[in-house]
Amino acid sequence: MRHNEIALKHSNGRAIYASTFGARDFKKVVFYSHGFPASRFEATLAHRVALEMGLTIIALDRPGFGGSEWYPERRFEDWASDVELVANHVGVQSFGILGVSGGTPTAVAAAGLLSARVTRLVIVSGVAPMVDPKALEGMNIANKALIRLGQRYKKLGRLSIGSIATIWRLMPGSVALWFGALLPKPDIEIVSRPEVSVVLARNMRESLRQGIRGAVTEFMLLISDWSPLLGRVTVPTSIWHGDKDTYVPLGMAIILANSIKDSNFHTVVGGGHFMIVDRLTPILTDFVNT
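Counting from 1360, one number per residue, gives the positions in the sequence shown under my numbering.
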């Protein structure tokens, strides 16, 4: 599958990188905030459906992932300026934003800051602020332990996620083992499909090609208190989450829904963390109808 690449630099010289999927006409654009750790290649899975629906998906690497440059003072809010730079470059005034899993905070921040240009925010299998006492209820023990460690002991948290990311970078096959051990049953069949496993492997390799700094920086941001960002969202918002997700449990979606005013909440019965693969049509329809 061929896609267009977009390489730009901010006025301060910081490089950002994106790929486009789906329709090439940029008439109906959706900016895609990938999971954690991941890259723009994650959106490859949405190409065919987006093309059929006339949507152009612009998947933008976050700082330190893929081709976008890392910087130590990064904030979730900064992604809005990356989105705006690309939108202006391709000549698009209004657009939707799709945040998936660990890409939720950056999507939320951009929707709040760019509300005059954002038509709709959609969150799929999204994380919520993990400072909420109920956020980790129902989460698998490995993810929960990693998050709690990072919250209580920041240095150990950085060391732990850095070690895991290093293993994934040096031994890409270990990612499949990690998912195989921790993903809920509904996801195992999905990630085992050849067309999905190939994309996920390429996605992870691209994610960590710069090194582990992007993953470490973002992990520490994810476990911080970013709840004020939720109250700044005023655009129409849809939240989709599987009720069998133990990687990012359903309780996180409930927190998001309760925190984002007038959001629409869709519970996917029997769906796991990767339920988006089989439900792209109804999820992307939210953008078509906006």
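Cβ atoms here follow ideal geometry from the backbone N, Cα and C, with glycine treated the same way.
Residue nearest to G1471 in terms of C-alpha spacing, selected from N1648, P1587, V1607 = For this step, residue 1471 is matched to residue 112 along the sequence shown. When only C-alpha atoms are compared, the closest one is P1587.
Between the region 1540-1553 and the region 1618-1637, do at least 3 Cβ pairs fall closer than 8 Å?
-> A contact exists between the region 1540-1553 and the region 1618-1637.
CA-to-CA distance, P1608 to M1563, given in whole angstroms | Numbered from 1 along the sequence shown, position 204 holds the residue referred to as residue 1563. Numbered from 1 along the sequence shown, position 249 holds the residue referred to as residue 1608. Computed Cα separation, rounded: 22 Å.
Between L1508, A1560, R1507, S1398, which lies nearest to S1533 when the distance is taken from Cα to Cα?
-> Here residue 1533 refers to the residue found at position 174 of the sequence shown. Answer by Cα proximity: A1560.
Rounded to whole angstroms, how far is the Cβ of S1378 from the Cβ of A1418, which I believe are closer than 8 Å?
-> Walking along the sequence shown from the start, residue 1378 turns up at place 19. Walking along the sequence shown from the start, residue 1418 turns up at place 59. With 8 Å as the limit, S1378 and A1418 qualify as a contact, their Cβ atoms being about 5 Å apart.
Unbroken beta strand (DSSP E) run spanning R1476, endpoints = As a working mapping, residue 1476 is identified with position 117 in the sequence shown. Element bounds for R1476: n/a, residue is neither H nor E.
Is S1597 helix, strand or coil when you go by DSSP?
-> On the sequence shown, residue 1597 is found 238 positions in, with the first residue counted as 1. Here S1597 sits in strand by DSSP.
Under the DSSP definition of a beta bridge, which residues are partnered with N1363?
-> Within the sequence shown, numbered from 1, the residue matching residue 1363 stands at position 4. Beta-bridge pairing links N1363 to T1379.
In this structure, what does DSSP give as the bridge partners for L1581?
-> Against the sequence shown, residue 1581 aligns to sequence position 222. BP columns for L1581 are empty, so no partner.
Take every Cβ of the region 1575-1594, pair it with every Cβ of the region 1516-1524, and state whether three or more of those distances are shorter than 8 Å.
-> yes
Buried versus exposed call for M1360 [16 or more other C-beta atoms within 10 Å across all chains shown] = The residue labelled residue 1360 in the question sits at position 1 within the sequence shown. Annotation note: pLDDT 43 at M1360 (below 50); position unreliable, no value reported.
Check: I1526 C-beta below 6 Å from any heavy atom of the ligand MG | Of ligands this structure carries none, so the ligand MG is not represented either.
Under the three-state DSSP convention, the category T1649 falls into = Translated into the one-based positions of the sequence shown, residue 1649 becomes position 290. Residue state, collapsed to three classes: coil.
Where does G1448 fall in DSSP's three states?
-> Within the sequence shown, the letter at position 89 stands for residue 1448. A small correction: the amino acid at residue 1448 is His; Gly does not occupy that position in the sequence shown. In the structure shown, H1448 falls within a helical segment according to DSSP collapsed to helix, strand and coil.
State whether the region 1398-1406 contacts the region 1368-1375, with contact taken as three or more CB pairs (one from each stretch) at a distance under 8 Å.
-> no
What separation, rounded to the nearest whole angstrom, lies between the Cα atoms of S1474 and G1425?
-> Along the sequence shown, one-based indexing puts residue 1474 at 115. Along the sequence shown, one-based indexing puts residue 1425 at 66. Whole-angstrom Cα-Cα distance: 27 Å.
Just how far apart, CA to CA, sit M1579 and I1642?
-> Counted from its first residue, the sequence shown places residue 1579 at position 220. Counted from its first residue, the sequence shown places residue 1642 at position 283. Straight-line Cα distance between these residues: approximately 29 Å.
According to the neighbour-count rule (16 or more other Cβ atoms, all chains shown, within 10 Å of its Cβ), is V1442 buried or exposed?
-> Looking up residue 1442 in the sequence shown gives position 83. Buried.
Whole-angstrom distance between S1583 and D1491, CA atom to CA atom | Looking up residue 1491 in the sequence shown gives position 132. Looking up residue 1583 in the sequence shown gives position 224. Each residue's alpha carbon lies about 10 Å from the other.
Could you tell me whether the Cβ atoms of H1625 and D1604 are closer together than 7 Å?
-> Counted from its first residue, the sequence shown places residue 1625 at position 266. Counted from its first residue, the sequence shown places residue 1604 at position 245. Contact: no.
How would you write the range of the beta strand (DSSP E) that V1389 sits in, first residue to last?
-> On the sequence shown, position 30 is the one that residue 1389 refers to. Residues 1388-1392.
In terms of residues, what are the limits of the beta strand (DSSP E) holding V1627?
-> Looking up residue 1627 in the sequence shown gives position 268. Its beta strand (DSSP E) spans residues 1623-1627.
In three-state terms, what does DSSP make of K1513?
-> As a working note, residue 1513 is residue 154 in the sequence shown. Helix.
Rounded to a whole number of angstroms, what is the C-alpha to C-alpha distance between A1469 and L1508?
-> The residue you call residue 1469 lines up with position 110 of the sequence shown. The residue you call residue 1508 lines up with position 149 of the sequence shown. Going from the Cα of A1469 to the Cα of L1508 covers about 29 Å.
Pairwise C-alpha distance: M1412 and T1644 = Position 285 of the sequence shown, counted from the start, is the residue given in the question as residue 1644. Position 53 of the sequence shown, counted from the start, is the residue given in the question as residue 1412. Approximately 8 Å between the Cα atoms of the pair.
Selected residue, minimal CA-CA separation from P1595, among W1438, P1464, V1477 | In the sequence shown, counting from the first residue as 1, residue 1595 sits at position 236. It is V1477.
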